[in-house]
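Trainee: Chains as they are written, first to last, in our numbering: chain A, 688 to 1134; chain B, 87 to 307.
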């Protein structure tokens, strides 16, 4: 299973996170600032528009009260107090504009077509900072057509708005700074266990520790467990091969010395009994070598090792079919050829090979290998139609605790090897009578 | 009976030569892969004893070159490594039996006689239909694309039955005769399962189902 790496794996996690999070934080903050500007603009315009509309309504109310007579409209001090905005009223041909300096601009708007709120560019002779927002309404009061315009200078508002926006920018920059330090702090905090792991590995390398004891975070725990398991396996293997070599050299040297003694003794004649004795010593050496070889070859459960049960089974069945052309070797499985089991390939070959070899030897016509798996285990079963084993021996087969060094491969049932391998995988081996009367061997290896 | 003994260890070769001669064989000896390959191609032997570890090459390569030259004499291989994968590889290369070193001369002789006896009655025929070649002796199927597949006993017998008469319809009852089973008597479902397995090998259309009648091996597809 391969997945596209998001970042160059040679880069450090810290750098990748920083390169990703910092620009993202800054960009998001900038976006927020920009949106803030837009909202501010919209809000202030809505606010001014509302005010202008209210005042148009107020003027309209006043005019209705006075019967649309401009002269009766009280434009005294009260008006100046209430009214913060410039306005123009036109009834038939009569106009009134306040304040006076806005007169040319507002009078031009009386004949405008637009109603409601709109923006007007201010001519230079009027001393205003920016654009004007005007609200124009046409209505009929006392059968006279009336135009009411109220306008306000947006320039001033813009200025306060801009300074507010600027302040927001300053605050945003401060927040970006805080965000950056929070990210930096967070990454360093999150990566602290990695540093601890590094130190633990260094300790391991220097030989100060034999295992990694660091409290790793959840994400790293499988890694640490796997590493420790690997170290266990390595230790076991080293120990085993050392023991095996020591045992072997010890047990082999004596027969070699004995044979040499006889061969070096020129006076002595090689009579048949002496020959037999020498042959026996050599067979001893061979047996011990074979036993140790097999023992060292079985790997037992190991990470990253897979076997192809169907493919291997087919090869073995085919081979036994060639060696015993008068017998039929059959495979029964629903698994397909590409199917994999987490068992070491050599181990599975020895397992199936020995069981099938047995079945081939004892079967009268037919031997069958079945492979299947349940959710919790991998199962294989070898059955033959031979004479089988007596019932009392049958129970013995399973309980005697066959060990490789107690039974010589090639003699007897060869089940010693099978039992040894199954034991290493923590599996179970069950012997029973097959439907055709022969031996039925079921091996279950836990997943 | 002429026999070729390929063994580079002079002690073993000498001793085996004497014992084989005593058992009635006329023995030619070869100590190198080159010599063995030449002799095997040129001379006509009743059987060959072939050691795999030769000073100038692997015995399996010698064996493969004999077999690709259609030399069919029975071959017994001698190997120092006794694991199952080695045995499988030996037989796939074309050996008839293997013997792991060290061995006793009596066992070697018994095995030799067994493979000679087996080779006497056997046909070295190849059943060829379309691009498919079925090696009856070795129970191997070669596909049109040149790849080899080992077959289990039942797969082989079913395929031999179908390929012997391409184009002819075989009913399920006829095919059931080719089955053995340990447990219950084989039924039509078993046939269907085997046909599915064979189709995975030879292709979906090569074995055609005739509804209500049976199966046909299609030579043309």
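Each residue gets a CB set at the ideal place from its N, CA and C atoms; glycine is no exception.
Buried or exposed, going by whether 16 or more other CB atoms sit within 10 Å of the CB of residue 734(A)?
Mentor: With fewer than 16 Cβ atoms within 10 Å of its Cβ, residue 734(A) is classed as exposed.
Trainee: Enumerate, from N- to C-terminal direction, the unbroken alpha helix (DSSP H) stretches of 4 or more residues contained entirely within the segment 218-299 of chain B.
Mentor: Whole alpha helix (DSSP H) segments, 4+ residues: 239-250, 258-262, 274-288.
Trainee: Since I believe residue 819(A) is in contact with residue 841(A) (beta carbons under 8 Å), could you give me their beta-carbon distance rounded to a whole number of angstroms?
Mentor: Going by Cβ atoms, the distance from residue 841(A) to residue 819(A) rounds to 7 Å, so yes, they are a contact pair.
Trainee: Using 8 Å as the threshold, is the segment 158-166 of chain B in touch with the segment 200-209 of chain B, meaning 3 or more CB pairs across them?
Mentor: Segments in contact, yes.
Trainee: With 7 Å as the C-beta to C-beta threshold (strictly closer), list the residues of the segment 1000-1025 of chain A near chain B in chain order.
Mentor: Answer in chain order: 1001, 1002, 1003, 1004, 1005, 1006, 1008, 1009, 1010, 1012, 1015, 1016, 1017, 1018.
Trainee: Go ahead and label residue 1003(A) buried or exposed: buried means 16 or more other beta carbons lie within 10 angstroms of its beta carbon, across all protein chains shown.
Mentor: It is buried - the Cβ of residue 1003(A) has at least 16 other Cβ atoms within 10 Å.
Trainee: Could you list which residues in chain B have their beta carbon closer than 8 Å to that of residue 1037(A), in chain order?
Mentor: Residues of chain B passing the Cβ test: 169, 170.
Trainee: Is it right to say residue 868(A) is buried, meaning 16 or more other beta carbons lie within 10 angstroms of its own, or is it exposed?
Mentor: The residue is exposed, with fewer than 16 neighbouring Cβ atoms inside 10 Å.
Trainee: For residue 298(B) and residue 1053(A), I'd like the C-alpha separation in whole angstroms.
Mentor: Whole-angstrom Cα-Cα distance: 31 Å.
Trainee: Can you check whether the C-beta of residue 1040(A) is within less than 9 Å of a C-beta belonging to chain B?
Mentor: Output row for residue 1040(A): interface = yes.
Trainee: Along the segment 137-156 of chain B, what residues have a CB closer than 8 Å to any CB found in chain A?
Mentor: From the segment 137-156 of chain B, no residue has a Cβ closer than 8 Å to chain A.
Trainee: Just the chain B side, please: which residues come within less than 8 Å of residue 995(A) by C-beta, in chain order?
Mentor: Result: empty, since nearest Cβ-Cβ is about 12 Å, beyond 8 Å.
Trainee: Note down the Cα distance separating residue 705(A) from residue 878(A), rounded to an integer number of angstroms.
Mentor: Their Cα atoms are separated by approximately 12 Å.
Trainee: Here's the rule: buried if 16 or more other CB atoms are within 10 angstroms of the residue's CB, otherwise exposed. What is residue 829(A)?
Mentor: Classification of residue 829(A): exposed, given that the 10 Å Cβ count is below 16.
Trainee: In angstroms with no decimal places, state the Cα-to-Cα distance between residue 113(B) and residue 168(B).
Mentor: So the two alpha carbons sit approximately 26 Å from each other.
Trainee: Under the rule that 16 or more other beta-carbon atoms within 10 Å means buried, what is residue 242(B), buried or exposed?
Mentor: Buried.
Trainee: Taking the straight line between their C-alpha atoms, what separation do you get for residue 851(A) and residue 845(A)?
Mentor: Answer to the nearest angstrom: the Cα atoms are 10 Å apart.
Trainee: Can you list, in chain order, the residues of the segment 228-260 of chain B whose Cβ is nearer than 9 Å to any Cβ on chain A?
Mentor: The residues in question are 235, 236, 237, 238, 239, 240, 241, 242, 243.
Trainee: Can you give the Cα-Cα distance for residue 831(A) and residue 736(A), rounded to whole angstroms?
Mentor: Rounded to the nearest angstrom, the two C-alpha atoms are 26 Å apart.
Trainee: Using a Cβ-Cβ cut-off of less than 7 Å, give me the residues of the segment 1046-1064 of chain A that come near chain B, in sequence order.
Mentor: Going along the segment 1046-1064 of chain A in chain order, one finds 1052, 1053, 1055 with a Cβ nearer than 7 Å to chain B.
Trainee: Given residue 172(B), which residues of its chain have a CB within under 7 Å of its CB, disregarding the five upstream and five downstream residues?
Mentor: Contacts found: 165.
Trainee: Is residue 125(B) closer than 9 Å to residue 133(B) when the C-beta atoms are compared?
Mentor: Against a cut-off of 9 Å, the Cβ pair of residue 125(B) and residue 133(B) comes out as no contact.
Trainee: In the DSSP assignment, find the beta strand (DSSP E) that holds residue 1055(A) and state where it starts and stops.
Mentor: Looking at the DSSP string, the run of the beta strand (DSSP E) that includes residue 1055(A) is 1053-1060.
Trainee: Is the segment 234-241 of chain B touching the segment 1002-1017 of chain A, taking contact as three or more C-beta pairs under 8 Å?
Mentor: These segments touch.
Trainee: Which bits of chain B does residue 973(A) rub up against, with CB to CB less than 8 Å?
Mentor: Simply 188.
Trainee: Buried or exposed, going by whether 16 or more other CB atoms sit within 10 Å of the CB of residue 849(A)?
Mentor: Flag for residue 849(A) reads exposed.
Trainee: Using a Cβ-Cβ distance cut-off of 9 Å, determine whether residue 1087(A) contacts chain B.
Mentor: For residue 1087(A), the pLDDT reaches just 45, beneath the cut-off of 50, and the residue's location in the model is therefore unreliable, although a value from the coordinates is still provided. No, residue 1087(A) does not count as interfacial toward chain B.
Trainee: Considering residue 186(B), what are the terminal residues of the beta strand (DSSP E) in which it resides?
Mentor: Unbroken beta strand (DSSP E) run through residue 186(B): 183-186.
Trainee: Output, in chain order, the set of chain A residues within a Cβ distance shorter than 7 Å of residue 204(B).
Mentor: By Cβ distance, chain A contributes 1012.
Trainee: Three or more C-beta pairs under 8 Å: does that hold for the segment 924-934 of chain A against the segment 891-911 of chain A?
Mentor: No contact exists between the segment 924-934 of chain A and the segment 891-911 of chain A.
Trainee: Count the other CB atoms, across all protein chains shown, that sit within 10 Å of the CB of residue 996(A); report buried if there are 16 or more and exposed otherwise.
Mentor: By the 10 Å Cβ count, residue 996(A) comes out buried.
Trainee: Here's the rule I'm using: 16 or more other beta-carbon atoms within 10 Å means buried, otherwise exposed. How should residue 1134(A) be labelled?
Mentor: Per the 10 Å Cβ criterion, exposed.
Trainee: Could you name the residues that DSSP lists as bridge partners for residue 992(A)?
Mentor: Residue 992(A) pairs with nothing; no bridge assigned.
Trainee: Mind checking if residue 1033(A) is an interface residue toward chain B, Cβ cutoff 9 Å exclusive?
Mentor: Cβ-Cβ to chain B under 9 Å: yes for residue 1033(A).
Trainee: Should residue 969(A) be flagged as near chain B, meaning a C-beta pair shorter than 9 Å?
Mentor: Yes, because at least one Cβ of chain B sits closer than 9 Å to the Cβ of residue 969(A).
Trainee: Rounding to the nearest angstrom, what Cα-Cα distance links residue 163(B) and residue 1021(A) in this structure?
Mentor: When rounded, the distance between both Cα atoms is 35 Å.
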